[in-house]
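> Residues 99 to 246 in our numbering are what the sequence shown lists, from first letter to last.
From the three backbone atoms N, C-alpha and C, an ideal C-beta is built for every residue, glycine too.
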Amino acid sequence: MSCIFCRIVAGEIQAEIVAREPAATAFLDVQPLADGHVLVVPRAHVPAIEDMEPGDAEALFRLVHRLAGPTRAAVRAEGSTIGVNNGDATGQTIPHVHVHIVPRWSGDGAGSVHTIFKSGTRRPVAEIGAAIRKALGTSADIQKGLPT
Ligand code: 5GP
Ligand code: ZN
Numbered sequence: 099m100s101c102i103f104c105r106i107v108a109g110e111i112q113a114e115i116v117a118r119e120p121a122a123t124a125f126l127d128v129q130p131l132a133d134g135h136v137l138v139v140p141r142a143h144v145p146a147i148e149d150m151e152p153g154d155a156e157a158l159f160r161l162v163h164r165l166a167g168p169t170r171a172a173v174r175a176e177g178s179t180i181g182v183n184n185g186d187a188t189g190q191t192i193p194h195v196h197v198h199i200v201p202r203w204s205g206d207g208a209g210s211v212h213t214i215f216k217s218g219t220r221r222p223v224a225e226i227g228a229a230i231r232k233a234l235g236t237s238a239d240i241q242k243g244l245p246t
């Protein structure tokens, strides 16, 4: 087993673990971007979100939800940026899914998620929406409101 995060989950490598559940574990990032920078990982070794079993994805986000408040409270943060580098092209360095929870304070100098992206869109929004619905196998009818 060469994956660092698998080895942390298995207890083979030391980490500052803050929560452990059957399908997900949370520990502090070794090179924190801010005090309280937590990584939440699934037990199963999968590189990308889309590779996860639905139940594992649910367990992962449940733990993110469980940790968001206490992590913020522990370092008296005003908010947090929660994100995933999902795939090599995004700068993901460890090919085992991990959710970053990074505490934030107003005026901390870091930007919002929007500041990551320099370029705008190239294709019409409606065209992209149709392409995603097709890939999902959903009908254009979902654009209509639910019956009341
Ligand atoms: P990525 O760039 O893949 O989204 O984030 C990987 C994160 O894992 C980085 O923030 C890095 O500091 C953290 N990291 C890398 N190796 C270790 C390790 O051995 N222990 C811990 N706790 N964090 C690690
Ligand atoms: Zn792994």
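To the nearest angstrom, how far is the alpha carbon of T236 from that of G207?
Sequence index remark: in the sequence shown, residue 236 carries index 138 (1-based). Sequence index remark: in the sequence shown, residue 207 carries index 109 (1-based). So the two alpha carbons sit approximately 41 Å from each other.
> Could you name the residues of the same chain whose beta carbon sits closer than 8 Å to that of P201, not counting the 5 residues immediately before and after it, in chain order?
Translated into the one-based positions of the sequence shown, residue 201 becomes position 103. A132, D133, G134, H135, T169, R170, V173, A175, G177 and S178, listed in sequence order.
> So what does DSSP say about A155, is it helix, strand or coil?
Against the sequence shown, residue 155 aligns to sequence position 57. Reduced to three states, the DSSP call for A155 is helix.
> Is T52 near the ligand 5GP, with its Cβ less than 6 Å from a heavy atom?
Limits of the chain in this structure are 99 at one end and 246 at the other, which puts residue 52 out of reach.
> Taking only the alpha-carbon atoms, compute the straight-line gap between N76 and V195 and give it to the nearest angstrom.
No information on residue 76 is available, as it lies outside the stretch 99 to 246 that the chain covers here.
> How would you write the range of the beta strand (DSSP E) that L265 sits in, first residue to last?
Examination of residue 265 is not possible in this model, given that the chain is present from 99 through 246 alone.
> Can you tell me where the beta strand (DSSP E) with G177 in it begins and where it stops?
The residue you call residue 177 lines up with position 79 of the sequence shown. Taken as a continuous stretch (DSSP letters only), the beta strand (DSSP E) holding G177 covers G177 to G181.
> In this structure, how does DSSP classify P140 when only helix, strand and coil are distinguished?
For this step, residue 140 is matched to residue 42 along the sequence shown. DSSP places P140 in strand when its eight states are reduced to three.
> Whose C-alpha, out of T188, Q112 and V107, is nearest the C-alpha of F215?
Taking the first residue of the sequence shown as position 1, residue 215 is located at position 117. Here the closest residue by C-alpha is T188.
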